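**Student:**
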Amino acid sequence: MPDHAHESIDIAGDPATVMAVIADFGAYSQWAGPVKKTEVLEPGEDGRARKVRIDVELMGLSDSYVNEYTWDGDRKVSWTMLEGRSQKSQSGSYTLEPNGVGTRVVYDLTVEVAIPVPGLIRRRIQSKVVDAALKDLKKRVEG
């Protein structure tokens, strides 16, 4: 059964600046906590990645998966997992909305794991992933 997480954060930066950080997969290992390595497998027509291999490690667990990305300017990026080792499926998005202080970033993530993991641990890992993704993004943009 898939687990879903939905969180948001305000970042002091305009949507174009925030989306530029999200789109720079080559830098993820420098700022996105669980991400150890990324490889753009296929660029898109707009210069942003269409397919990316991502290697992660969190709470002693490692995984490698390939996501396909769809970009809607500086408003939204969505992805769907094409292949993975420890996950049956993954889909998610970052939605960026300008607000009075910069940008509200909404992160949605739905994951179904392929290996048996108790529900409490699955939800804890997913919560850490979403929390780290937003806080690390904020730190990168504002730092």
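The letter at position 6 of the sequence shown is residue 10 when you use my numbering, and the numbering goes up by one with no holes.
Here a beta-carbon is modelled for each residue, glycine too, at the ideal position from N, C-alpha and C.
Keep in mind that this is a model prediction, so the values were computed, not measured.
Any idea which residues DSSP pairs THR107 with across the strands?
**Tutor:** ILE15, PRO102
**Student:** Give the single residue among GLY64, LEU65, ILE26, VAL60 whose Cα lies nearest to the Cα of ALA53.
**Tutor:** ILE26
**Student:** Taking C-alpha atoms, which residue in ARG89, ALA31, PRO47 lies nearest to ALA118?
**Tutor:** ARG89
**Student:** Spatial neighbours of ASP112 within its chain, please: CB distance less than 7 Å, with the 5 preceding and 5 following residues excluded, ordered by chain position.
**Tutor:** HIS10, GLY96, SER97
**Student:** My output table needs one value for SER33: the three-state DSSP class, helix, strand or coil.
**Tutor:** helix
**Student:** Sort ASP67, HIS8, MET85, MET23 by Cα distance to GLY106 and report the nearest one.
**Tutor:** MET23
**Student:** Apart from the five residues on each side of it in sequence, which residues of its chain come closer than 7 Å, Cβ to Cβ, to VAL67?
**Tutor:** Per the sequence shown, residue 67 should be read as Asp rather than Val. Closer than 7 Å at Cβ, skipping near neighbours: VAL60, GLY88, ARG89, SER90, GLN91.
**Student:** Have a look at the DSSP bridge pairing and note the partners of SER95.
**Tutor:** DSSP output for SER95 lists THR84, THR114 as bridge partner(s).
**Student:** Nearest to TYR73 by CA position, among ASP14, GLU49, LYS132, GLY104, is which residue?
**Tutor:** Measuring from the Cα of TYR73, the nearest candidate turns out to be GLU49.
**Student:** In the DSSP assignment, what residue or residues form a beta bridge with LEU65?
**Tutor:** DSSP lists LEU62 as partners of LEU65.
**Student:** Would you mind working out which of ALA20, GLY37, THR99, PRO102 sits nearest ASP135, comparing C-alpha positions?
**Tutor:** Closest by alpha carbon: GLY37.
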